[in-house]
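Notes for the one structure printed next.
So this is what it looks like as structure tokens:
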């Protein structure tokens, strides 16, 4: 149970280390008959690609995906889809030093504690490159969601202490700036702030927000496999995420029942909610309102400032991590959060297909 | 996949509705040889029992647990442990009215959307009584953790806007006041505030904090089954939880790498962290520091104030929910959070036993 | 992973020991909206009840099932269905002796090896009473199969060396004789033979055959979750089963491709097979022909003859197992095999609902 | 749930079609610290390689395995091991014809029924090449078993009606003849018989036997995850297997309790069985005796004789399958059976590590 397999029906198995030969994913349980090409996957991968701005790693990777199975004549066959991206930029030499100590804020120490040793090159399996498999799978899941009319919008809600202004919210802006913020002005301020952080040899965190529109109601399984619980695991499994919330999230702690409850009303013959404090999920089941969730992302742990740690000989030492590191993880993590949400939604949609015997009988009578 | 089964190796299957004959749980995968009696389970159940203070439901339930299998001569046998609590206080008559409309903030609407109809008596399966099975299983998991020297402390960190003062933190106080707060003064203030809310026919939320001490390092599976991700799902699967965080949680979003990174140092020949912003988990694996997590609990949705909703005939109506309802969920949810954490830790500890071939070889040579 | 939970979507969790308070099962993942009463379950349980003929245990049990959850106003609600049967006939005194040695052919020794000790009363968890939970779940699964037009016929194909004659096959005869054989004459011969075995203080085995009619094609998942592989696990998990085969089974080993291949042909606009050596499954997927499977059942291990074994003090001893034991397991196991097949078919039918995107799109547009 | 992922803790995810770019497997849950090289895998793959004798496909494949992840400095790291074999010999042209009809005995028809269409080139995912992933994973599982002192011997017990003579059993002979038979004379006879079948444009089946030596007792989980049930699923999931048995298997149906029961006795201070009719498993748990299992393999369905089937236009037609096909599957399937057994044993051994609290406490105190 090394934990690299995810999902109940729509399953993904990711693999690969930062400086191994390749990273990849096997998607098992994808329905047959979906048009799918490497271009569909590539457009997702390009959103997490390094080297896109002065704030992201200048790693020289093209990250070109190759599909090895599961597609025939341009369509999914229902059998496992194996995809990989070759690692071109190994530069193993750079990492000889970090093999000797534990980087603060990284998983070096805990991998050693767990496994007895570690592939120290670029963080090995705990590297951000691990997410390539998630994003490739997310691209496929998104194709399925699109066919069901479900759309996901994900963006940076805040970077450090710079928050977006919802009054200026422009979805088209999200992919227009390197911050992946839906507010042009906030994005500019965030970039200015990041330059300062870089000058200070420091880094900062932020919050990613994700909104799922046109989600059908009735999705999510009561008790342990609630939709919000499943999304929580999906999002919290991404490297730097330290917090997760749905709807009003932590704000509910200081709210009241009268303020926090969403009323119901009729509109055009349909039951809708009068507000959406719940974030689209009641009792673990989608209620037809947009699903709104947020993830708190920690500051990049690799900073150029001097830090204290311990070396292999058990001595307290000071270290300066060399090389060029992103001062912020948030922008590149946006598509990772979106991918994990997409994969989870598909899985939960599929699970929900057996909730009612009348719908099952109709299905098999087709 | 109705979602009432949880766990990979230490598995629990809960069942039962608020006003059915009984509620219960089957625990499968409990190791043989653990001394276990109904008293061990009862002491956990008593912590979530209604009617313990003026702030909790006056439901007339003893909630006496009965163990039906899996124990022989006072010890677990390694086979499934089936436990149940009979529902004495059915009072089905009280609920005839709520069968006709959707209560705001409850799962009435989404259960109907998912299943086509619902057991409306007392919320059916979405009732807080569903957690009895979780807590009974949590009592067993805690026995296992105790044998491994691991301790969990859980309490109300805040109720509404009343927060505990860590300077006054007294663990013995937690079970001394009906707020389950480790700060006597905060507990008093919270009770005064709750009385006001009740007078206003309103309710409020709060935050539960949980600290795991003496957790061994190396537990948690990289990538999807990270320890924090697994805990997130466990805790978010509890009814009223809208947010989850680990360590500094949402605060990391406005922190910096230099402030948020925990350094390492040698102490008495062991590697320890110089701080614990990470909350005891790095890269999804426990690092030997205390695990600290928090859950945001929403205000009780059942309030006596007039609310707007929709009835079965598709008409907008105003409702007043009758009966006596807790103005706060937090105190009774403390043991539920602790139980879900305990169950998850046992499962993750067991999963971690196959991380290293040298330890496996030693195990089988015993 | 004590192994008492089965299924992917339609899941069952059984529990209970032969001489504990009760035995039971929790069924999770049953769709909402199925009419279900205790009578539906009882009729299945009655087929495995002891004391029905001179060839089955005279244990004084009524085996009356009680449903504790998951049903509201006579219909399944989609939440877990908990069912139990109280053990009335404990007679623990009878079993003081067998606590001291290992019965040949029983699981006494291996339970001790695995768990360090065992509930020795009546075999504890390894007793045939463990199957009560399977059969109760099988009754529910059968209700679902019936709604989809699928029927299962199960019977004793042979008892010892007495085989049924397919020329005399009469399905109505199956429940007419205590042998559960579809051939009246064979049943008579089998009963005569069993009387001899009893006089010789011996027991015998047999073969159970199961035929699934009107099974839709396309069910079963390629590679590891093939329909035949899943059925094999289901049936082999029943206590006394030592062999499993599908279609021509072991006969294929001496057949030829030209004889064993089933041709295809058009009939009334549909593609059918010209023969059914494959037993209704090709490449792990149902082909629309009847599914035919067989299980080899070993002779009852409890016999009155003197046997050699070892006692707790590590001495070689001779034993004579007292009490009255069935000379044959086959008749009572017929409904157990049918139940495991039913549960597995429902699970595989549900899993197959996501094979094609066009059908998924149609489902969600309902 | 397309079914290409197998295992609970030691998990494998296979992928790939006969004529896609590659076939492969991801092994997740392999412990850290095992020396492993591509040579270890290759030696297993070579045992199933085509073109090794006149009785196996002359397909021009080297089947060279490449390890892409999970190994660092020659040792497993505990992270997923991704392995692939490129398909060199596509020859897609050969398969244009079979896209137009359903080959008897193959999965062409059922894949179409399930998925709506199929990758018809060489059988696509239902090709024997699918087993490459299983065998590569089996090579790793075998390394683990070796470290625990467990050995597996697998061979052809019969080919058509030619059976081995146990009096002449020579384990060294198994890999000496293209039949993988442990009896030189039987192997010769089998080859002569196969030549006849080829002349008759026909094929034949056989039985594979597998013996696991030095298996520790206490492995296997009662009720649904019995060791024999798990092995049954593992082996029945291999393409051409139509029957599975353990120990005396189908012979028990005509045996008696007095003959079939294995007595116990003391030998050198240990409890052993006086015979092994049970095949090393009692109550689903290993008893310390050798595990003996058998699989019935059907005749190769691809034969050169004229066969009847249906074409895409819904017409009854006669077909002659062209190309060179193995007249027997058995020899190449020997290593596949062994691999599935190895993978299953490792998984079940790992699951058994949590059976007893005393052993768990000792483990964590290491």
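Protein chains in written order, with this note's numbering: chain A, 34 to 399; chain B, 34 to 399; chain C, 34 to 399; chain D, 34 to 399.
Ideal Cβ positions, reconstructed from N, Cα and C, are used throughout, including at glycine.
Buried or exposed (CB count within 10 angstroms, at least 16 for buried), residue i
{"i": "residue 141 of chain B", "result": "buried"}
{"i": "residue 199 of chain A", "result": "exposed"}
{"i": "residue 171 of chain B", "result": "buried"}
{"i": "residue 53 of chain A", "result": "buried"}
{"i": "residue 110 of chain B", "result": "buried"}
{"i": "residue 347 of chain B", "result": "exposed"}
{"i": "residue 106 of chain B", "result": "exposed"}
{"i": "residue 187 of chain B", "result": "buried"}
{"i": "residue 113 of chain D", "result": "buried"}
Chain B within 9 Å of residue i, Cβ atoms only
{"i": "residue 282 of chain D", "result": "no"}
{"i": "residue 158 of chain C", "result": "yes"}
{"i": "residue 5 of chain D", "result": "Look at the range of chain D in this structure, 34 to 399, and you will see that residue 5 of chain D is not part of it."}
{"i": "residue 63 of chain A", "result": "no"}
Inter-residue spacing [alpha-carbon to alpha-carbon] between residue i and residue j
{"i": "residue 46 of chain C", "j": "residue 174 of chain B", "result": "19 Å"}
{"i": "residue 371 of chain D", "j": "residue 183 of chain C", "result": "36 Å"}
{"i": "residue 325 of chain B", "j": "residue 298 of chain D", "result": "54 Å"}
{"i": "residue 96 of chain C", "j": "residue 138 of chain B", "result": "43 Å"}
{"i": "residue 322 of chain A", "j": "residue 260 of chain A", "result": "13 Å"}
{"i": "residue 33 of chain A", "j": "residue 335 of chain A", "result": "This structure cannot speak to residue 33 of chain A, because chain A is shown only from 34 to 399."}
{"i": "residue 349 of chain A", "j": "residue 315 of chain B", "result": "20 Å"}
{"i": "residue 61 of chain C", "j": "residue 60 of chain B", "result": "14 Å"}
{"i": "residue 99 of chain D", "j": "residue 132 of chain A", "result": "26 Å"}
{"i": "residue 360 of chain B", "j": "residue 136 of chain B", "result": "16 Å"}
{"i": "residue 165 of chain D", "j": "residue 158 of chain D", "result": "11 Å"}
{"i": "residue 291 of chain C", "j": "residue 331 of chain D", "result": "11 Å"}
{"i": "residue 250 of chain D", "j": "residue 143 of chain C", "result": "7 Å"}
Contacts around residue i, its chain only, beta-carbon distance under 7 Å, and the 5 residues preceding and following it disregarded
{"i": "residue 295 of chain D", "result": "306, 307, 308, 309, 310, 311"}
{"i": "residue 265 of chain A", "result": "277"}
{"i": "residue 213 of chain C", "result": "188, 189, 207, 364, 367"}
{"i": "residue 338 of chain B", "result": "234, 235"}
Residues of its chain near residue i, where Cβ-Cβ distance is below 6 Å and the 5 sequence neighbours each way are ignored
{"i": "residue 162 of chain B", "result": "51, 56"}
{"i": "residue 193 of chain A", "result": "226, 237"}
{"i": "residue 216 of chain C", "result": "197, 198, 201"}
{"i": "residue 240 of chain D", "result": "190, 191, 327, 329"}
{"i": "residue 222 of chain B", "result": "195"}
is_contact[residue i, chain C] using C-beta, thresh 9 Å
{"i": "residue 208 of chain A", "result": "no"}
{"i": "residue 400 of chain D", "result": "Past the boundaries of the shown model lies residue 400 of chain D; chain D is included only from 34 to 399, so the question cannot be answered."}
{"i": "residue 315 of chain A", "result": "no"}
{"i": "residue 141 of chain B", "result": "no"}
Close Cβ partners of residue i (< 8 Å) along its chain, the five nearest in sequence each way excluded
{"i": "residue 262 of chain D", "result": "317"}
{"i": "residue 267 of chain C", "result": "39, 373, 374, 376, 377"}
{"i": "residue 67 of chain D", "result": "108, 109, 173, 176, 177, 180"}
Any chain D beta carbon closer than 9 Å to residue i
{"i": "residue 263 of chain A", "result": "no"}
Below-9 Å beta-carbon distance, residue i vs any chain A residue
{"i": "residue 193 of chain B", "result": "yes"}
(request) Within the region 238–269 of chain C, note down every full alpha helix (DSSP H) run reaching 4 residues or more, in order along the chain. (result) 260–269
(request) May I have a chain-ordered list of the beta strand (DSSP E) segments no shorter than 3 residues that lie completely inside the region 102–186 of chain B? (result) 114–119
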